[in-house]
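In my numbering, the protein residues as written are 50 to 346.
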C-alpha cells in the first residue's frame with residue numbers, strides 16, 4: 050500500500066541505498082531492554098516510550114517507507130552521504146537530540162571500514178545524556194565523538210532554552226535568540242529557561258577541513274543558519290541534510306542553496322493539515338543538498 054512517505058524526489062536510488070545498508074540480523078542479535086534498528090543500532094526505549102516500548106526487545110525492519118522516527122527520504126539521504134565519503138566519515142548533527150543521526154550514520158560508516166568522527170550540538174541536558182549513553186553503548190570511543198551543550202547558530206552569543214521536567218517529553222523545544230534585557234529577565238524569572246551559548250558553525254567545524262554530512266534540525270531556525278553560513282558551508286561541507294519546518298522555509302532554502310551552486314539531491318516536502326485557518330505542519334520536510342565543489346575530479 051502506497052503512502053504519502055513514498056512521495057519524494059531524489060537523484061539516486063533511495064530504496065537501493067537503504068536496502069544495501071540494512072542488516073538482516075545485527076551481529077549481536079536481539080538485545081533485552083533495547084530496540085535494535087535495521088542498521089544494528091541499539092536504542093533505549095526511554096527516549097520515546099510511547100513509540101518504542103512496544104518494540105522493546107525486537108529488531109526493527111528497514112523504513113519502507115518510514116518508521117517511528119524518520120522516512121525513507123531522510124534515511125536514504127543520510128546513508129547516501131556515507132556512501133559519498135572517503136576513508137574517514139565526519140558528520141555533524143545540529144539539534145542532535147538523542148544522537149540519532151550521529152549513531153546511525155556513524156555505525157553505517159564504521160561497518161564499511163571507514164574511520165568515523167561524529168559531532169553533536171544540543172541544548173537539552175537530558176537529551177545530551179541520552180546521546181552520551183547511546184554512543185557508549187554502540188561502541189563509539191571518546192576519540193570518535195564530541196557532544197556540545199549549546200545552540201547551533203550562525204554566530205556566537207547567548208540563547209534562552211526552555212527546560213523540561215523529563216528528557217524525551219518534548220523533541221521540539223525552540224530556543225529564544227536575541228532576547229533583549231527585559232525579555233531575558235522575564236523568561237529567566239519563570240524558572241523554565243536556561244541561558245546557553247550560541248555556537249557558530251565556524252567554531253564547531255574549525256578543526257575539520259571537510260565534513261561529509263551536516264544534519265540540521267533546529268526547529269525553524271534552519272534558513273537563518275544557512276543564510277549566515279553559506280561561505281563556510283560551500284568551502285568544507287560536502288552534504289547538507291535539513292529537516293524543514295514550513296513550506297516557506299523550503300522555498301527560501303531552494304533560493305539560497307541553488308543560487309550558491311548546490312545540487313538538490315533529495316526532496317520530500319513538509320506535510321500540512323489545511324483544515325485550520327492557517328496550514329499546520331504535521332510532518333517536517335526533508336531536503337538533501339550536495340556540494341559539487343567537493344566532488345570534482
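From the three backbone atoms N, C-alpha and C, an ideal C-beta is built for every residue, glycine too.
Own chain residues within Cβ distance below 8 Å of residue i, not counting five before or after
i, result
"residue 79", "85, 106, 107 and 108"
"residue 258", "285"
"residue 252", "205"
"residue 321", "296, 328, 329, 330 and 331"
Cβ neighbour criterion (16 or more within 10 Å) applied to residue i
i, result
"residue 50", "Low per-residue confidence applies at residue 50: pLDDT is 41, beneath 50, and the placement is therefore not dependable enough to give any value."
"residue 327", "exposed"
"residue 241", "exposed"
"residue 179", "buried"
"residue 266", "buried"
"residue 310", "exposed"
"residue 293", "buried"
"residue 333", "buried"
"residue 38", "This structure gives no information on residue 38, because the portion of the chain shown stretches from 50 to 346."
"residue 344", "exposed"
"residue 192", "exposed"
Sequence-distant residues of the same chain with beta carbon closer than 6 Å to residue i, five excluded per side
i, result
"residue 168", "141 and 195"
"residue 339", "288, 312 and 314"
"residue 26", "Only positions 50 to 346 of the chain appear in the structure, and residue 26 is not among them; the question remains open."
"residue 359", "Nothing about residue 359 can be reported from this structure: the residues present for the chain run from 50 to 346 only."
"residue 123", "335"
"residue 306", "338"
Beta carbon proximity, residue i to chain C, threshold 8 Å
i, result
"residue 152", "Structure shown: chain C not included; a single protein chain is present."
Three-way DSSP call (helix, strand, coil) for residue i in this model
i, result
"residue 154", "helix"
"residue 50", "A caution first: residue 50 carries a pLDDT of 41, below 50, which makes its placement in the model unreliable, though a value can still be read off. It is coil, neither helix nor strand."
"residue 348", "Residue numbering for the chain in the displayed model covers 50 to 346; residue 348 lies beyond these limits and cannot be assessed."
"residue 70", "helix"
"residue 322", "strand"
"residue 171", "strand"
"residue 344", "helix"
"residue 256", "coil"
"residue 226", "strand"
"residue 233", "helix"
"residue 6", "A query on residue 6 cannot be resolved here, the shown segment of the chain reaching from 50 to 346 and no further."
"residue 132", "helix"
"residue 62", "coil"
Beta-bridge partners of residue i, as assigned by DSSP
i, result
"residue 97", "Answer by DSSP bridge pairing: none, since residue 97 is not bridged."
"residue 317", "335"
"residue 249", "202"
"residue 264", "142 and 290"
"residue 180", "The partner list for residue 180 (beta bridge, DSSP) is empty, contrary to what the question assumes."
"residue 312", "339"
"residue 243", "210"
"residue 194", "167"
"residue 306", "Bridge partners of residue 306: none, in fact."
"residue 137", "164"
Expected contact under 8 Å - CB spacing of residue i and residue j to nearest Å
i, j, result
"residue 261", "residue 88", "About 17 Å separates the two Cβ atoms, so there is no contact after all."
"residue 273", "residue 203", "6 Å"
"residue 121", "residue 63", "6 Å"
"residue 54", "residue 115", "4 Å"
"residue 281", "residue 254", "7 Å"
"residue 208", "residue 236", "Residue 208 to residue 236, Cβ: 11 Å. No contact."
Cβ-based neighbour list, residue i, same chain, cut-off 7 Å, excluding 5 preceding and 5 following
i, result
"residue 402", "In the structure as shown, the chain begins at 50 and stops at 346. Residue 402 is therefore absent and cannot be evaluated."
"residue 177", "171, 196 and 198"
"residue 100", "117"
"residue 291", "265, 271, 302 and 336"
"residue 163", "134, 136, 137 and 138"
"residue 147", "96, 176, 179, 180 and 183"
"residue 156", "88, 89, 90 and 187"
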